[in-house]
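Engineer: Okay, handing you the structure first.
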Amino acid sequence: MKNYPIAETFFSVQGEGCHCGRRAYFIRLFGCSVKCKWCDSKSAWNGSPTEIKSAEELADEAKKSGAEFVVITGGEPCMHNLLPLLACLAERGILAHLETSGVCKIDEAEGSKFSWVALSPKLFHKPLKESLERADELKLIVSDLSEMDEYAELVKDASNAKWIWLHPEWSKATDAKLLDGLCEFVKQNGGKYRIGWQMHKCYFVR
Numbered sequence: 002m003k004n005y006p007i008a009e010t011f012f013s014v015q016g017e018g019c020h021c022g023r024r025a026y027f028i029r030l031f032g033c034s035v036k037c038k039w040c041d042s043k044s045a046w047n048g049s050p051t052e053i054k055s056a057e058e059l060a061d062e063a064k065k066s067g068a069e070f071v072v073i074t075g076g077e078p079c080m081h082n083l084l085p086l087l088a089c090l091a092e093r094g095i096l097a098h099l100e101t102s103g104v105c106k107i108d109e110a111e112g113s114k115f116s117w118v119a120l121s122p123k124l125f126h127k128p129l130k131e132s133l134e135r136a137d138e139l140k141l142i143v144s145d146l147s148e149m150d151e152y153a154e155l156v157k158d159a160s161n162a163k164w165i166w167l168h169p170e171w172s173k174a175t176d177a178k179l180l181d182g183l184c185e186f187v188k189q190n191g192g193k194y195r196i197g198w199q200m201h202k203c204y205f206v207r
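Counted the way my numbering counts, the sequence shown spans residues 2 to 207.
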């Protein structure tokens with residue numbers, strides 16, 4: 002039986018990306034090797050886990066919630082061996098989505114795969130090339146428009162990604178220059194690029 006350190010678990014709606022607005026059960030694992038200074042989930046790596054739960058317990062709770070899918074997030078969830086959890090979710094017919102920075106290997110096995118991988122790369126701790134190649138969508142957290150050239154180069158390895166979302170770093174969510182610049186970038190580049198938002202913060206839901 003595989004046990005996991007938990008920061009929190011909760012039933013809510015996905016607030017970001019192409020699955021935005023859908024009901025989801027979130028499993029936020031404790032621990033992170035990236036530790037962004039502007040992280041909005043520092044409780045996932047600062048302090049101690051709130052509890053320890055087995056893969057079976059987590060999968061049963063997710064099934065009971067009635068969510069359309071599970072989001073395994075962090076922290077950096079890929080620091081942990083997720084294969085037992087994926088297997089338990091698959092046994093119960095539950096789709097598993099992953100939110101990761103991509104700095105760790107994304108482990109999958111036959112019958113234990115993620116149905117969706119959302120990767121949010123960080124320029125100061127860049128993701129593995131193989132993680133970028135696995136991503137179904139990217140979420141770029143932009144704090145300054147000067148970062149866009151480096152991001153544009155980085156995402157070239159994300160050939161599988163269907164969408165590349167541009168999100169303002171939340172403390173700058175009212176920065177008109179930044180927001181206008183992100184809109185202009187999408188207007189000029191189009192393709193997979195989309196402007197994004199953390200809708201769950203507007204709705205005041207977890």
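Even for Gly, the Cβ is constructed at its ideal location relative to N, Cα and C.
DSSP three-state call for P122: helix, strand or coil?
Structural biologist: It is coil, neither helix nor strand.
Engineer: How about the region 5–13 and the region 189–199: do they share at least three Cβ pairs that are nearer than 8 Å?
Structural biologist: Segments in contact, no.
Engineer: Taking a contact to mean a Cβ-Cβ separation below 8 Å, would you say R23 touches E69 in this structure?
Structural biologist: Yes, the pair counts as a contact, with Cβ atoms nearer than the cut-off.
Engineer: Here's the rule: buried if 16 or more other CB atoms are within 10 angstroms of the residue's CB, otherwise exposed. What is D137?
Structural biologist: Buried.
Engineer: Output the residue ranges of the alpha helix (DSSP H) runs that lie fully inside the region 169–204 and measure 4 residues or longer, sorted by chain position.
Structural biologist: Correct list: 177–190 and 200–203.
Engineer: Let me make sure I understand the geometry here. Which of H168, K173, K163 and D176 has the alpha-carbon closest to that of I196?
Structural biologist: For I196, the nearest C-alpha among the options comes from H168.
Engineer: Three-state secondary structure (DSSP) at K140?
Structural biologist: In this structure, K140 counts as strand in the three-state DSSP scheme.
Engineer: In this structure, how does DSSP classify S42 when only helix, strand and coil are distinguished?
Structural biologist: Reduced to three states, the DSSP call for S42 is coil.
Engineer: According to DSSP, simplified to helix, strand and coil, what is L96?
Structural biologist: Residue state, collapsed to three classes: coil.
Engineer: Alpha carbon to alpha carbon, how far is S147 from L139? Give it in angstroms, no decimals.
Structural biologist: Taking the straight line joining both Cα atoms gives about 19 Å.
Engineer: Would you mind reading off the limits of the beta strand (DSSP E) that contains L30?
Structural biologist: Taken as a continuous stretch (DSSP letters only), the beta strand (DSSP E) holding L30 covers R24 to L30.
Engineer: Can you give, in chain order, each stretch of the beta strand (DSSP E) that sits fully within the region 61–117 and has at least 3 residues?
Structural biologist: Segments of the beta strand (DSSP E) lying fully in the region 61–117: 70–74 and 97–101.
Engineer: Alpha carbon to alpha carbon, how far is T74 from F115? Give it in angstroms, no decimals.
Structural biologist: Taking the straight line joining both Cα atoms gives about 12 Å.
Engineer: Can you name the start and end residues of the beta strand (DSSP E) that E9 belongs to?
Structural biologist: Unbroken beta strand (DSSP E) run through E9: N4 to V14.
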